[in-house]
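Since the structure comes first, as structure tokens, the remarks are kept for the end.
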Amino acid sequence: MVFLGVLPTLLFAIIALLNYANSEREEAAHRLMGNAKGVARAIDMEFEVAIAALTALKSSSLLEQGDLVAFEHRLRNTKLTRGRGFVLLDEAGDSIINASKLSARDIRRVQSQRTGADRELSISNVIKSDGGHEPFVFIAIPVPHPDGVGRWILGTFLDSRDFAEVVNEPGVPDDWIVSIVDRDGTHIRRSHLNSEYTGQPLVPELVRHIESRGTGTLLTISHEGLDLISTVAYARTSGWAAAVGLPLAKLEAPLWQSLRTLAFIGTALVVTALVLAFWVAGTLTRAFGALKRSAETLGRGEIVEPSASVIQEANVVIATMADVSHQLAERRAELTALNDSLEAQVAERTAELVQQMAIREEKETQLRQLYKLDAIGKLTGGIAHDFNNMLAVVMSGLNLAKRRLDRGDTDIQKFLDGSLKGAENAASLTRRLLAFSRQQALSPESVDCNKLITNTASMLRRTLPENIEIETVLGGGLWRSHADVPGLENAILNLALNARDAMPSGGKLTIETSNTHLDDAYASDHADVAAGQYVMIALTDTGIGIPADILADVYEPFFTTKAPGEGTGLGLSQVHGFIKQSNGHIKIYSEIDRGTIVKLYLPRQLTESTPAYTPARTGARVPKSQSNETILVVEDDADVRAATVAMLQELEYTVLEASGGVAGLEILDAHPEIALLMTDVVMPGMDGRQLATAATERRPDLRVLFTTGYTRNAIVHHGVLDPDVSMIGKPYTLEALSQKVSEVLSS
Numbered sequence: 099m100v101f102l103g104v105l106p107t108l109l110f111a112i113i114a115l116l117n118y119a120n121s122e123r124e125e126a127a128h129r130l131m132g133n134a135k136g137v138a139r140a141i142d143m144e145f146e147v148a149i150a151a152l153t154a155l156k157s158s159s160l161l162e163q164g165d166l167v168a169f170e171h172r173l174r175n176t177k178l179t180r181g182r183g184f185v186l187l188d189e190a191g192d193s194i195i196n197a198s199k200l201s202a203r204d205i206r207r208v209q210s211q212r213t214g215a216d217r218e219l220s221i222s223n224v225i226k227s228d229g230g231h232e233p234f235v236f237i238a239i240p241v242p243h244p245d246g247v248g249r250w251i252l253g254t255f256l257d258s259r260d261f262a263e264v265v266n267e268p269g270v271p272d273d274w275i276v277s278i279v280d281r282d283g284t285h286i287r288r289s290h291l292n293s294e295y296t297g298q299p300l301v302p303e304l305v306r307h308i309e310s311r312g313t314g315t316l317l318t319i320s321h322e323g324l325d326l327i328s329t330v331a332y333a334r335t336s337g338w339a340a341a342v343g344l345p346l347a348k349l350e351a352p353l354w355q356s357l358r359t360l361a362f363i364g365t366a367l368v369v370t371a372l373v374l375a376f377w378v379a380g381t382l383t384r385a386f387g388a389l390k391r392s393a394e395t396l397g398r399g400e401i402v403e404p405s406a407s408v409i410q411e412a413n414v415v416i417a418t419m420a421d422v423s424h425q426l427a428e429r430r431a432e433l434t435a436l437n438d439s440l441e442a443q444v445a446e447r448t449a450e451l452v453q454q455m456a457i458r459e460e461k462e463t464q465l466r467q468l469y470k471l472d473a474i475g476k477l478t479g480g481i482a483h484d485f486n487n488m489l490a491v492v493m494s495g496l497n498l499a500k501r502r503l504d505r506g507d508t509d510i511q512k513f514l515d516g517s518l519k520g521a522e523n524a525a526s527l528t529r530r531l532l533a534f535s536r537q538q539a540l541s542p543e544s545v546d547c548n549k550l551i552t553n554t555a556s557m558l559r560r561t562l563p564e565n566i567e568i569e570t571v572l573g574g575g576l577w578r579s580h581a582d583v584p585g586l587e588n589a590i591l592n593l594a595l596n597a598r599d600a601m602p603s604g605g606k607l608t609i610e611t612s613n614t615h616l617d618d619a620y621a622s623d624h625a626d627v628a629a630g631q632y633v634m635i636a637l638t639d640t641g642i643g644i645p646a647d648i649l650a651d652v653y654e655p656f657f658t659t660k661a662p663g664e665g666t667g668l669g670l671s672q673v674h675g676f677i678k679q680s681n682g683h684i685k686i687y688s689e690i691d692r693g694t695i696v697k698l699y700l701p702r703q704l705t706e707s708t709p710a711y712t713p714a715r716t717g718a719r720v721p722k723s724q725s726n727e728t729i730l731v732v733e734d735d736a737d738v739r740a741a742t743v744a745m746l747q748e749l750e751y752t753v754l755e756a757s758g759g760v761a762g763l764e765i766l767d768a769h770p771e772i773a774l775l776m777t778d779v780v781m782p783g784m785d786g787r788q789l790a791t792a793a794t795e796r797r798p799d800l801r802v803l804f805t806t807g808y809t810r811n812a813i814v815h816h817g818v819l820d821p822d823v824s825m826i827g828k829p830y831t832l833e834a835l836s837q838k839v840s841e842v843l844s845s
């Protein structure tokens with residue numbers, strides 16, 4: 099209450115102090131503007147002195163007579179109170195007489211200020227010197243040419259030194275910051291730190307103020323970091339400006355002193371009020387002490403004993419608390435007995451629930467294991483079925499060929515062709531399985547999907563039946579993607595063949611490309627999708643569609659709705675594996691009897707890190723060695739090593755062989771003529787990567803070609819072949835081996 103009595107006095111003092119502060123600010127603004135106008139008038143006087151000298155020289159008879167030598171002597175001997183010499187320029191701005199200390203480059207910079215003979219008077223902005231001089235300003239007037247045709251330009255220069263007295267105008271306090279600037283706000287002179295800021299612009303707030311020809315005061319921060327109240331006045335003759343800034347700290351110093359005094363008085367009053375309040379509170383505290391202790395005892399659940407107090411009302415309340423404490427003690431005993439019974443029931447039920455949850459978790463684990471075993475069974479069954487078919491073709495063909503050779507019959511070409519075809523089908527199945535499991539080694543490159551679709555569509559028109567119309571809709575400005583080109587072509591071919599099977603009576607296949615963006619909302623609904631920019635390839639058919647109840651199963655390996663013998667069930671699973679390995683996304687939309695849309699999303703390539711895609715050439719012949727290079731083959735499997743050596747010898751290479759990394763290094767040391775190391779990756783002891791590292795340390799010029807049947811190893815990371823690695827996957831044909839070896843040797 100005492101504090102509330104003091105509060106009006108404090109508020110009145112604060113309001114009075116604020117009015118005083120406003121009055122001081124208005125007075126400061128008035129003084130600022132007066133000083134700024136004085137500096138602006140002084141700027142005009144500096145320019146007018148220089149203009150008067152030019153006007154006097156303009157009327158020289160030497161100039162009228164065209165005696166430039168004598169006129170130059172006159173210019174050099176003219177004593178100036180302001181200015182740094184004279185120049186005489188032609189209408190193009192080229193120097194005729196240079197009676198100043200400025201360089202030819204500085205005079206050429208004058209020309210960029212567009213000072214010419216088309217104006218009676220021209221005063222430039224601040225010009226920065228290229229010759230080591232201070233920034234300067236050029237003042238020019240036109241003079242008639244002696245022959246009466248055209249005009250010359252007579253000019254003089256002022257620099258920062260000519261304005262030294264202006265910024266120290268009488269009446270301007272020493273701690274005020276005065277700046278003389280041109281029409282763009284660039285310093286020619288500054289009262290503080292002049293050498294650092296001459297030729298530099300004012301702070302941005304004042305530059306904008308000058309550009310808009312603003313008036314009044316504004317708060318700014320100086321180059322030194324000082325808070326200022328600033329104003330600007332403009333010189334009439336030149337259009338230049340004088341900016342004057344008063345440090346805010348100096349203006350507010352009296353105000354802060356008053357605030358400190360007021361705070362001291364207010365604190366004293368508040369302390370006095372608090373002492374008085376504590377005295378009153380102490381009296382009340384003693385009166386209600388017994389009441390407080392009784393309440394605390396009741397809060398702890400203990401029995402409250404009646405006590406006497408100076409306040410009768412407190413005695414009544416304490417007696418009531420005593421009665422309540424006895425009643426609470428009785429109820430507490432009853433609740434304790436009830437809680438003990440309830441806790442026993444809860445513990446018994448909790449034990450039953452824990453047991454049921456353990457049984458349920460065990461059953462779920464068994465069920466998940468059954469699902470895994472079922473999936474593995476389907477996968478291995480499909481693999482075994484297809485491989486047995488292919489091995490039957492290979493073994494029957496080779497057996498028949500052997501029997502005929504044993505009889506002396508050499509007509510075995512068809513049997514060998516059939517066996518080779520079976521082996522190629524087995525290799526294709528392996529590649530499909532690797533693609534499904536995302537273990538296929540990819541060699542991604544920059545892909546123009548429009549060009550790829552154009553070339554693929556041409557091939558499809560020759561492959562698909564004539565009753566299927568193929569239409570391509572290529573998006574404009576399509577982004578580049580980063581993908582393995584053969585894998586992408588194979589994915590589109592698989593989808594096109596599925597579309598063909600879905601349109602037995604013919605129809606239309608549309609292949610579209612476009613740029614798209616998968617946002618965060620879409621990514622949150624699809625756990626395997628990262629939000630971002632993608633290149634979309636969509637294949638739409640008008641076929642029979644896919645039933646909704648099997649749409650979720652189409653990516654499973656060996657899942658097919660075709661009749662036995664008409665498909666492997668690996669097409670969509672291979673496409674799905676390839677797209678996921680390429681960090682992409684696949685989505686299928688289908689309606690019965692209306693058709694199916696398969697959309698492939700490939701991430702946009704933001705940098706050109708690999709060569710752009712160009713269509714592959716087909717029908718290449720098997721080249722043979724032209725220089726009889728020597729190749730070292732390192733392979734731990736004797737059968738594979740023998741086959742590889744035979745193929746390279748067939749290609750007319752000189753071949754050395756080793757069964758392991760250590761033996762390979764010994765042969766390499768003994769045969770410096772070896773040009774290529776061809777090594778398996780997965781080998782016991784020293785693997786192929788370690789062998790290649792050791793070999794290239796001894797022979798930096800040695801070429802290395804890796805070969806492997808499984809890509810999760812030292813040369814493939816995240817499904818992508820390391821950039822410094824050449825690899826050929828097992829199994830490979832003679833043609834593929836020839837092309838790869840030739841490529842590596844010529845790289």
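Those letters in the sequence shown? Residues 99 to 845, per the numbering used here, in order.
The C-beta atom is built at its ideal place from N, Cα and C for all residues, glycine as well.
Predicted model, so just to flag it, every value in this text is computed and none were measured.
> Hey, is the region 161 to 168 in contact with the region 230 to 238, meaning 3+ C-beta pairs nearer than 8 angstroms?
Replying inline: no
> In three-state DSSP terms, what is VAL61?
Replying inline: Past the boundaries of the shown model lies residue 61; the chain is included only from 99 to 845, so the question cannot be answered.
> Under the DSSP definition of a beta bridge, which residues are partnered with MET825?
Replying inline: PHE804
> Can you name the residues that DSSP bridges to MET776?
Replying inline: VAL731 and LEU803
> Which same chain residues, not among the five before or five after LEU670, have their C-beta less than 6 angstroms away from its C-beta?
Replying inline: VAL652 and TYR653
>> Run through the DSSP bridge pairs and tell me what GLY183 is partnered with.
In response: SER198
> Using 8 angstroms as the threshold, is the region 693 to 700 in touch with the region 738 to 747, meaning 3 or more CB pairs across them?
Replying inline: no
> Per DSSP, which one or two residues make a beta bridge with TYR751?
Replying inline: For TYR751, which the question treats as bridged, DSSP gives no partner whatsoever.
> Run through DSSP, which three-state label would ILE510 get?
Replying inline: coil
> What is the rounded straight-line gap between the Cα of ASP509 and the Cα of GLY520?
Replying inline: 19 angstroms
>> Which same chain residues end up closer than 7 angstroms to ILE275 when comparing Cβ atoms and leaving out the 5 residues on each side of it in sequence?
In response: SER289, HIS290, SER320, LEU326 and GLY343
> Just to confirm, are PRO240 and GLU218 a CB contact at a threshold of 8 angstroms?
Replying inline: yes
> When you compare only the Cα positions, how much space is there between SER328 and VAL270?
Replying inline: 13 angstroms
> LYS828 to THR805, Cα distance in whole Å?
Replying inline: 7 angstroms
> So, LEU899 versus ALA341, is the Cβ gap smaller than 8 angstroms?
Replying inline: Past the edges of the chain, shown from 99 to 845, lies residue 899, and the structure says nothing about it.
> Do LEU763 and ILE772 have their C-beta atoms within less than 8 angstroms of each other?
Replying inline: no
>> Need the endpoints of the alpha helix (DSSP H) that SER328 sits in, please.
In response: Careful: SER328 lies outside any alpha helix (DSSP H), inside the beta strand (DSSP E) at 325 to 332.
>> Measuring only the C-alpha atoms, how far is ASP282 from THR296?
In response: 14 angstroms
>> Please give me, in chain order, every unbroken run of the beta strand (DSSP E) with length at least 3 that falls completely inside the region 202 to 271.
In response: 234 to 242 and 249 to 257
>> Report the CB separation of ILE551 from ILE635 in whole angstroms; it is logged as a contact under 8 angstroms.
In response: 7 angstroms
>> DSSP has LEU317 in a bridge; who is on the other side?
In response: ILE327
> What is the DSSP secondary structure of GLN703, reduced to helix, strand or coil?
Replying inline: coil
> Short check: CB of ARG930 to CB of ASP273, under 8 angstroms?
Replying inline: The structure shown does not extend to residue 930, since the chain is modelled only from 99 to 845, so the question has no answer here.
>> My parser needs the beta strand (DSSP E) runs of 3 or more residues fully inside the region 622 to 654; what are they?
In response: 630 to 639
>> Just checking HIS231 against the ligand MG - is the residue's beta carbon closer than 7 angstroms to any of the ligand's heavy atoms?
In response: The model on display carries no ligand, and the ligand MG is accordingly not part of it.
>> For PHE676 and ARG787, I'd like the C-alpha separation in whole angstroms.
In response: 26 angstroms
>> Suppose the cutoff is 8 angstroms on Cβ atoms and the five residues either side in sequence are ignored; what does the same chain contact list for ARG172 look like?
In response: LEU155, SER158 and LEU160
> From which residue to which residue does the alpha helix (DSSP H) around ARG505 run?
Replying inline: That residue, ARG505, is in no alpha helix (DSSP H); it is neither H nor E in DSSP.
> Does the beta-carbon of VAL545 have 16 or more other beta-carbons within 10 angstroms, so that it is buried, or is it exposed?
Replying inline: buried
> In whole angstroms, what separates the C-alpha of VAL818 from that of VAL633?
Replying inline: Because the pLDDT of VAL818 is 49, which lies under 50, any placement of that residue in the model is unreliable, and the question is left without a value.
> So GLU755 packs on VAL731, CB below 8 angstroms; how close in whole Å?
Replying inline: 5 angstroms
> To the nearest angstrom, how far is it from the Cα of ASP778 to the Cα of THR728?
Replying inline: 17 angstroms
>> Measuring only the C-alpha atoms, how far is GLU750 from ARG578?
In response: 42 angstroms
> On the three-state DSSP scale, how would you describe ASN613?
Replying inline: strand
> From LYS549, LEU576, GLY604 and ALA581, pick the residue whose C-alpha is nearest to that of ILE568; which is it?
Replying inline: GLY604
> Quick one: Cα of ASN548 to Cα of GLY783, how far?
Replying inline: 48 angstroms
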